[in-house]
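Following: one structure in structure tokens, then a few remarks.
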Amino acid sequence: MFMDNTLILNEIKSYYNLKSDSDFAKFLDIKPQTLSNWKSRNSIDYSVISTKCVEIDANWLLTGKGNMLKNANLYAIEERFHHSKSMESDISYGNTVPLYDLEATAGVFEVFTKNPQSVPIDHITIPNLPKCDGALYIRGDSMYPLLKSGDIVAYKTIQDKYNIIWGEMYLIYLEHNGDEYFFCKFLKKSSREGYIELISHNQHHQSTEFPVESIKALALVKASVRFNTLY
């Protein structure tokens, strides 16, 4: 039976999200001409593929039948792409962000403004995470059950406090009437001119309003991490 090895190669290239044959050749650590010769001759150097593409099932590679991936747990593709120039593309396989503990730092404002006094306690990596500036532990239950105390949220700092996407979740630091406030809330445009409405997910918490001018720091929540067990 005729085996279309070009199709096999193209499916492997697609699996690794490589945009061109040149990128694929670099990933395989071969010359582009070598890859071109494989396709023109309808051949594959199986030793190269099995060495560089450890997630690919050998039977599928030889016959084109069955599952392309091995049944065992897959190796993290992200680590493989750290050694490939394909990371220069627009595709993001992971984003490592600093994790802060507000109780161990100078304060919220210092964290959001990247003050040198704000030293992260750790770093976290989440696959396919959009670009973020940092991560914090959540305290309180105002966003329960969507978020619970002890969860981690990754955030992107917003420089312009008037550039708010209404309905999205934000970390917001305010100073009002001599008091300081730090919330994780949904933000809604208030019916009152110059005010914003802070809305909790927990139905037992009432919404509250503050003047936009009281906002001292603002960050859009991009992702959250929850630990179901600590063992």
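Using my numbering, read the sequence shown as starting at 1 and increasing by one per residue. For each residue, glycine too, the CB sits at the ideal point set by N, CA and C. Since this is a predicted model, take the numbers as computed values, not measurements.
C-alpha distance - Val225 paired with Leu147, whole-angstrom precision: By one-based count along the sequence shown, residue 225 stands at place 225. By one-based count along the sequence shown, residue 147 stands at place 147. Near 9 Å, if we compare the C-alpha coordinates of Leu147 and Val225.
Backbone CA spacing between Ile49 and Leu129 [nearest angstrom]: To locate residue 49, count along the sequence shown from 1; it is residue 49. To locate residue 129, count along the sequence shown from 1; it is residue 129. Those two C-alpha atoms are separated by around 29 Å.
Proximal residues to Ile30 (C-beta, below 7 Å), its chain only, five neighbours per side dropped: Looking up residue 30 in the sequence shown gives position 30. Same-chain partners within the cutoff: Val48.
Nearest-angstrom Cα separation, counted from Asn37 out to Leu136: Position 136 of the sequence shown holds residue 136. Position 37 of the sequence shown holds residue 37. Rounded to whole angstroms, Leu136 to Asn37 spans 52 Å at the Cα level.
Length of the line joining the Cα atoms of Lys52 and Arg41: As a first step, residue 52 is located in the sequence shown; it is residue number 52 there, counting from the start. As a first step, residue 41 is located in the sequence shown; it is residue number 41 there, counting from the start. Taking the straight line from one Cα to the other gives about 21 Å.
Cβ-Cβ distance between Ile199 and Ser207 below 9 Å: To locate residue 199, count along the sequence shown from 1; it is residue 199. To locate residue 207, count along the sequence shown from 1; it is residue 207. Cβ distance < 9 Å, so Ile199 and Ser207 count as in contact.
Candidates Ser20, Tyr15 and Asp23, of which the one nearest Val54 by Cα: Within the sequence shown, residue 54 is the residue found at index 54, counting from 1. Out of Ser20, Tyr15 and Asp23, Tyr15 has the C-alpha closest to the C-alpha of Val54.
Asp122 - containing beta strand (DSSP E), residue span: Here residue 122 refers to the residue found at position 122 when the sequence shown is read from its first residue. Element bounds for Asp122: Asp122 to Ile126.
Distance, Val97 Cα to His201 Cα: The sequence position of residue 201 within the sequence shown is 201, counting from 1. The sequence position of residue 97 within the sequence shown is 97, counting from 1. Rounded to the nearest angstrom, the two C-alpha atoms are 26 Å apart.
Residues of its chain near Lys13, where Cβ-Cβ distance is below 6 Å and the 5 sequence neighbours each way are ignored: Numbered from its first residue, the sequence shown carries residue 13 at position 13. For Lys13, where only same-chain residues beyond five positions count, the Cβ hits under 6 Å are Phe24.
Cβ-based neighbour list, Glu209, same chain, cut-off 6 Å, excluding 5 preceding and 5 following: The sequence position of residue 209 within the sequence shown is 209, counting from 1. The residues are Ser190, Tyr195 and Glu197.
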